[in-house]
Amino acid sequence: MAVPERQILVCQSFRAGGDPKGICHKQTDGFLQYIEEEILDRGLDMQVVATGCLKQCEAGPIMVIQPDNLWFKGIDSEEAIDAVLDGLEDGEPAAEYLIS
Ligand code: FES
Numbered sequence: 244m245a246v247p248e249r250q251i252l253v254c255q256s257f258r259a260g261g262d263p264k265g266i267c268h269k270q271t272d273g274f275l276q277y278i279e280e281e282i283l284d285r286g287l288d289m290q291v292v293a294t295g296c297l298k299q300c301e302a303g304p305i306m307v308i309q310p311d312n313l314w315f316k317g318i319d320s321e322e323a324i325d326a327v328l329d330g331l332e333d334g335e336p337a338a339e340y341l342i343s
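Sequential numbering from 244 applies to the sequence shown in my numbering.
Structure, rendered in structure tokens:
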């Protein structure tokens, strides 16, 4: 079975036991499902991965594209996801959401 070309890491705020969650899990309901659907609709060779806290909470919600190592901030809407995926397809990362 082929491995995906890219992974899209979506912070879900998990932290070590006892520590309060960060802010990234406060995304809208259906957020991960929307990303999955967009990947399929666009024919992108990507896999969605839910992660623990990515230690960038002040800029959250955080999403990361690997192996490109592109870190995006403020991904809290379908419009933001669309902008990031549009940028990947165009070969120009969505600058307004990039963590530089
Ligand atoms: S909770 Fe997402 S970066 Fe910390």
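Just so you know, even glycine gets a beta-carbon here, dropped at the ideal spot from N, CA and C.
Cβ neighbours of residue i in the same chain (closer than 8 Å, five flanking residues each side left out)
i	result
Ile266	Ser256, Cys300, Gly303 and Pro304
Leu341	Leu313, Trp314, Phe315 and Lys316
Val292	Gln250, Ile251, Leu252 and Val253
beta-carbon residue i near the ligand FES non-hydrogen atom, thresh 6 Å
i	result
Ser256	yes
Gln299	yes
Gly303	yes
Gly330	no
Gly265	yes
Close-in-space but distant-in-sequence residues of the same chain around residue i (CB under 6 Å, 5 per side omitted)
i	result
Cys296	Ser256, Arg258 and Gly265
Ala337	Ala326, Val327 and Gly330
Gln290	Pro247 and Gln250
Asp288	Pro247 and Glu248
Lys269	none
Close beta carbons around residue i, own chain, < 7 Å, minus the five adjacent residues each side
i	result
Trp309	Inspection of the sequence shows that residue 309 is occupied by Gln rather than by Trp. Arg249, Gln250 and Leu252, listed in sequence order.
Glu321	Tyr277
Proximity test, Cβ basis, 7 Å: residue i and chain D
i	result
Gly334	Among the chains in the structure shown there is no chain D, since it carries only a single protein chain.
Secondary structure, beta strand (DSSP E): runs of 3+ residues fully inside the segment 260-295: 289-295
Beta strand (DSSP E) runs contained entirely in the segment 291-332, provided each spans 3 or more residues: 306-309 and 313-315
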